[in-house]
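Okay, structure first, notes after.
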Ligand code: NAD
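Residue numbers (my numbering): 0 to 293.
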């Protein structure tokens, strides 16, 4: 049986680790807050007291952490703590499924290679529901042989699993994903405020919009939450702001202009500055309402 060490059991990592248990893998998990480890134990996994202990003896180590510095701290070490990469047997596969900077993903792959450890970047899309239902889209960067070896694990987590290119390519595709989702979300919020101002029944409007060219997964899944004023995460504004920072920096590196994307990044930053960082990114609606005096 493949032994998996799973580090980061939050909104996404918690249900993903539980799905790996359901699929028959032997899963040992670690999270900074212990209550989340307890949930994995209740789901049939094992708990570990540190990232190193979760990774001990694993064939595959998965990280699902907030941001680039978190993944670097766990894999490369932090101050006095050894990183997980130094403790793994050569040949072990590390799959980082967090959304981080493509350049950091490339440097982690190189750091792994110098220790004989194979690293993939495999960020995901599909949200908490996709994590719970094991229907995530998983975009994978890294070498083809390592991808093939990790495929059975990835197939237990997602429905659309695609090897998109060399190290870092998975994160570049994820950055494009966040650009599209952020822009669409902002325009859905604007459309809902616009419809309300004209006294139109917004639920009916969303039903018909969903059947036309304006239809999208963002409209289907996020407009109902906006209409219910349910801003519980889901996907936190803080994390989407982080992702739009990744997109704008990577675009600048490549000399690509993102006029609309840059504006959405500014709007997401403003929402965060107003103290809404822990709300779901659907809270963009609050800002459109505020700007419109509603
Ligand atoms: P989260 O904040 O709910 O979970 C992250 C977990 O990592 C937390 O439980 C935290 O305690 C833990 N953690 C942080 N540092 C740690 C460390 N050093 N050691 C052990 N545990 C540590 O975030 P999330 O929503 O699960 O997102 C995780 C990643 O997935 C992020 O990169 C995010 O951008 C990405 N993502 C999220 C969604 C979503 O809808 N929530 C969708 C796709 C991708």
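Glycine included, C-beta positions come from ideal geometry on N, C-alpha and C.
Problem - Three-state class that DSSP yields for residue 117 in the structure shown - result: strand
Problem - Nearest candidate by alpha-carbon position, reference residue 244, set 254, 263 and 228 - result: 263
Exercise for the section: Put residue 79 into one of helix, strand or coil per three-state DSSP. Expected result: coil
Practice task
Using beta-carbon positions only, say whether residue 149 and residue 94 come within less than 7 Å of one another.
Solution key: yes
Practice task
Would you kindly report the start and end of the unbroken alpha helix (DSSP H) that includes residue 239?
Solution key: 236-253
Exercise for the section: Kindly say whether residue 109, judged by its beta-carbon, lies nearer than 7 Å to any beta-carbon of chain C. Expected result: Structure shown: chain C not included; a single protein chain is present.
Problem - Nearest candidate by alpha-carbon position, reference residue 87, set 280, 152, 283 and 75 - result: 75
Practice task
Give, in chain order, every unbroken run of the beta strand (DSSP E) that is at least 3 residues long and sits entirely within the region 46-91.
Solution key: 59-62
Practice task
Let me know the alpha helix (DSSP H) ranges lying completely inside the region 113-192, each 4 residues or longer, listed in chain order.
Solution key: 126-132 and 143-154
Problem - Own chain, CB closer than 7 Å to residue 241, minus 5 neighbours either side, in chain order - result: 66
Problem - Cβ-heavy atom distance, residue 221 to the ligand NAD, below 6 Å - result: no
Handout entry: residue 4 (DSSP reduced to helix, strand or coil)
Key = strand
Practice task
Express the C-alpha separation of residue 201 and residue 194 in angstroms, rounding to a whole number.
Solution key: 6 Å
Practice task
Taking only heavy atoms of the ligand NAD into account, decide whether any of them is closer than 6 Å to the Cβ of residue 134.
Solution key: no
Handout entry: Sequence ranges, alpha helix (DSSP H) only - wholly within the region 18-50, length at least 4
Key = 33-41
Handout entry: Between the CA atoms of residue 280 and residue 35 - distance to the nearest angstrom
Key = 23 Å
Practice task
Tell me whether residue 0 is buried or exposed, calling it buried when 16 or more other Cβ atoms sit within 10 Å of its Cβ.
Solution key: exposed
Exercise for the section: Let me know the secondary structure DSSP gives residue 10 once reduced to three states. Expected result: coil
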